[in-house]
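For reference, the structure is listed below as structure tokens.
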Amino acid sequence: MGRARAAGPPPGPTRPGFWRSPLRGPWLTAVFGLVLLAGVTVLFVTGLLSYAAYNPDLAPRNDQTPDKGWLGFYLFTWPTSPYWLYRLTQGVHTVLGVVLVPVLLAKLWSVIPKLFEWPPVRSISHGLERLSLLLLVGGAGFTFVTGILNIQLDYIFPGSFYVLHFYGAWVFIGAFVLHVTFRFPRAVRAVRAGRGHQPDSGSAEAAGLVSPRPAPATISRRGALAMVGAGSFALLVVTAGQSIGGWWRQTALLAPHGRDPGKGPNGFQINKTAASSGIRPSDIGPAWRLTVRGAGRQEVLTRQMLLAMPQRQAALPIACVEGWSTPDQQWSGVRLTDLAALVGLGTDTPQVLVESVQRGGSFSSVVLAPNQARDERSLLALHVNGADLSPDHGYPARVIVPAAPGVHNTKWVTRLTFGEPV
Ligand SMILES: Nc1nc2c(c(=O)[nH]1)N[C@H]1C(S)=C(S)[C@@H](COP(=O)(O)O)O[C@H]1N2
Ligand SMILES: [Mo]
């Protein structure tokens with residue numbers, strides 16, 4: 001140990017003189033850090049909401065991370081109003097996650113000499129601090145990468161994405177809170193000292209960020225900030241359109257799949273087509289039936305019988321966990337409360353298990369909470385924008401619920417079971 005120190009760090013990035021950018025210093029690191037503090041806080045809150053929106057405590061099949069344990073302490077019944085709630089929270093979560101990537105990379109760049117600090121561990125407390133930084137950097141990288149892969153590649157980790165992203169986020173946020181607790185006062189001081197203030201490389205204030213032999217500047221600190229800002233803005237422009245929808249969708253170059261949903265009443269986003277979900281024409285042909293069960297009774301209906309019931313309208317969006325969403329669509333069909341009444345249930349409609357003709361897959365069934373089943377905008381939709389649902393949009397019948405995540409809007413529904421434990 002003593003000899004290693006006497007010999008100094010090995011040649012390369014562990015030598016302080018190796019990192020020569022004159023831009024590095026407490027001010028730049030503090031500015032990136034404070035932007036991330038605000039941004040990551042919003043990401044964390046909207047991420048918690050995203051999980052709550054699944055109503056995971058309602059039924060095991062709603063829960064994508066069944067071993068969450070006490071990490072589910074904050075869960076609450078997801079509301080149905082405002083009807084655009086999940087569209088907003090999940091749009092913000094995914095767009096902000098993408099937009100913060102340049103800031104995250106810039107922040108890492110600004111502290112890179114610290115990551116190569118020599119000797120790597122000086123004392124127990126120094127070792128613990130470095131371990132927490134490892135969790136911070138690793139947790140951030142992991143959480144951002146899993147999130148972005150899910151947005152871009154359309155559920156590439158079937159089921160397991162949620163688990164990875166969920167635990168990754170908790171590790172990240174734990175290390176993040178520690179980091180902010182220790183560094184916040186220093187960051188505020190550095191920002192107050194101003195952009196032009198560059199402390200001596202050896203001083204405590206320099207915090208190991210300032211190069212002892214800086215190269216000549218090729219860009220100003222303000223220019224560096226502008227570059228990162230421009231990168232974030234460019235990402236905003238190419239992602240936000242998938243959440244705003246309408247004309248803006250054309251600007252959403254990074255929108256998943258960019259598949260053209262076609263024109264007309266059914267011309268809005270489709271991730272999983274009937275064919276890719278293994279739906280056979282015979283499953284949704286004339287032989288299709290809807291079974292409604294509950295209160296010890298059972299009714300079997302054809303689509304004709306459903307069409308003979310009172311038809312209700314609701315203008316609601318579909319908002320996917322991936323961040324894309326549709327503008328409000330005009331759905332029409334039968335209220336879930338009217339279907340519950342068919343088996344003799346009153347207005348205090350209980351929870352309902354919704355099952356699709358689709359065989360297998362974690363999106364083929366869901367349990368809706370009583371507040372969702374009771375909402376008068378919650379429909380078993382038969383039409384959209386004045387036309388029959390297309391097979392890809394769930395013909396003969398799909399569920400649509402205000403404020404629910406897209407995955408709770410089950411397509412090709414064949415059975416509704418009210419009030420029985422699942
Ligand atoms: N039966 C069934 N219903 C489903 C799905 C599915 O894969 N199978 N996908 C869900 C998801 S994740 C979303 S976001 C919405 C809209 O998906 P779509 O774009 O594939 O229509 O439908 C939901 N309903
Ligand atoms: Mo989805």
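Position 245 of the sequence shown, counted from 1, bears residue number 245 in UniProt numbering, the numbering being contiguous throughout.
In this text, a Cβ means the ideal position worked out from N, Cα and C, and glycines have one as well.
Computed from a predicted model, the values in this text were never measured in an experiment.
Residue i: CB within 7 angstroms of a non-hydrogen atom of ligand 1
i      : result
LYS68  : no
GLN330 : no
ASN271 : yes
VAL407 : yes
HIS93  : no
GLY262 : no
HIS393 : yes
THR410 : yes
PHE161 : no
ILE173 : no
GLY361 : yes
SER211 : no
GLN152 : no
SER364 : yes
Best match in the options for proximity to residue i [C-alpha to C-alpha]
i           : options                           : result
HIS197      : LEU28, PRO391 and ASP388          : LEU28
TRP326      : ARG24, ALA240 and PRO11           : Before going on, a small fix: residue 326 reads as Thr here, not Trp. The candidate whose alpha carbon is nearest that of THR326 is ALA240.
PRO310      : GLN329, LEU336 and LEU49          : LEU336
ALA381      : ASP260, GLY419 and PRO317         : PRO317
ALA418      : TRP19, THR349, ARG222 and TRP70   : In the sequence as presented, Ala is not what sits at residue 418; that position holds Phe. Ranking TRP19, THR349, ARG222 and TRP70 by Cα distance to PHE418 puts THR349 first.
TRP324      : GLN152, GLN64 and LEU342          : GLN152
VAL45       : GLY25, LEU88, SER21 and TRP331    : LEU88
VAL95       : PHE363, PRO370, ALA252 and GLN269 : ALA252
ASN150      : LEU136, ALA397, PHE161 and GLN298 : PHE161
GLY285      : SER125, SER390 and ALA224         : SER390
ARG183      : GLN250, ASP200 and VAL111         : VAL111
VAL354      : SER332, GLY333, PRO281 and VAL292 : VAL292
PHE32       : SER378, VAL228 and ILE270         : VAL228
ALA193      : ALA206, LEU49 and GLY202          : ALA206
ARG15       : ASP392, ARG213 and HIS126         : ARG213
PRO405      : ARG398, ARG374, ALA369 and VAL321 : VAL321
residue 465 : SER125, GLN351 and GLY168         : Absent from the structure is residue 465, since the part of the chain shown begins at 1 and ends at 422.
ASN385      : GLN329, LYS263, GLN250 and ILE244 : GLN329
SER211      : GLN250, ARG20 and GLN372          : ARG20
VAL238      : LEU301, VAL99 and LEU306          : VAL99
LYS107      : SER356, GLY25 and ALA369          : GLY25
Residue i, DSSP secondary structure in three states
i      : result
LEU128 : helix
PHE18  : helix
ASP283 : helix
LEU28  : helix
THR146 : helix
PHE172 : helix
GLY258 : Because the pLDDT at GLY258 is just 49, under 50, the model does not fix this residue reliably, and the point stays unresolved.
PRO11  : coil
TYR83  : coil
ASN55  : coil
GLY264 : coil
ALA38  : helix
PHE116 : coil
ARG3   : For ARG3, the predicted structure reports a pLDDT of 47, less than 50, and the residue's modelled location is therefore unreliable. The matter cannot be settled from this model.
SER276 : coil
ARG122 : coil
heavy atom of ligand 2 below 7 angstroms from residue i C-beta
i      : result
VAL399 : no
VAL384 : no
VAL321 : yes
> What are the uninterrupted segments assigned as beta strand (DSSP E) that are 3 or more residues long and contained completely in the UniProt domain "Oxidoreductase molybdopterin-binding" (287-418), given in chain order?
Replying inline: Entirely contained in the UniProt domain "Oxidoreductase molybdopterin-binding" (287-418), the beta strand (DSSP E) runs reaching 3 residues are, in chain order, 290-294, 297-301, 312-316, 329-335, 352-356, 365-368, 379-384, 398-400 and 413-418.
> Would you call the segment 47-62 and the segment 207-225 in contact, with 3 or more CB pairs under 8 angstroms?
Replying inline: As far as the Cβ criterion goes, the segment 47-62 does not touch the segment 207-225, which means the pair count is below three.
> On the three-pair Cβ rule with 8 angstroms, is the segment 340-354 touching the segment 117-128?
Replying inline: Not touching, per the Cβ criterion.
>> For a minimum of 4 consecutive residues, which ranges assigned as the alpha helix (DSSP H) are wholly contained in the segment 173-256?
In response: 221-244
> Is it true that the segment 132-141 meets the segment 172-179, where meeting means three or more beta-carbon pairs spaced less than 8 angstroms apart?
Replying inline: yes
>> Count Cβ pairs between the segment 34-41 and the segment 99-109 that sit closer than 8 angstroms; are there 3 or more?
In response: yes
>> For the structure I just gave you, are there three or more beta carbon pairs, one from the segment 296-314 and one from the segment 262-276, closer than 8 angstroms?
In response: no
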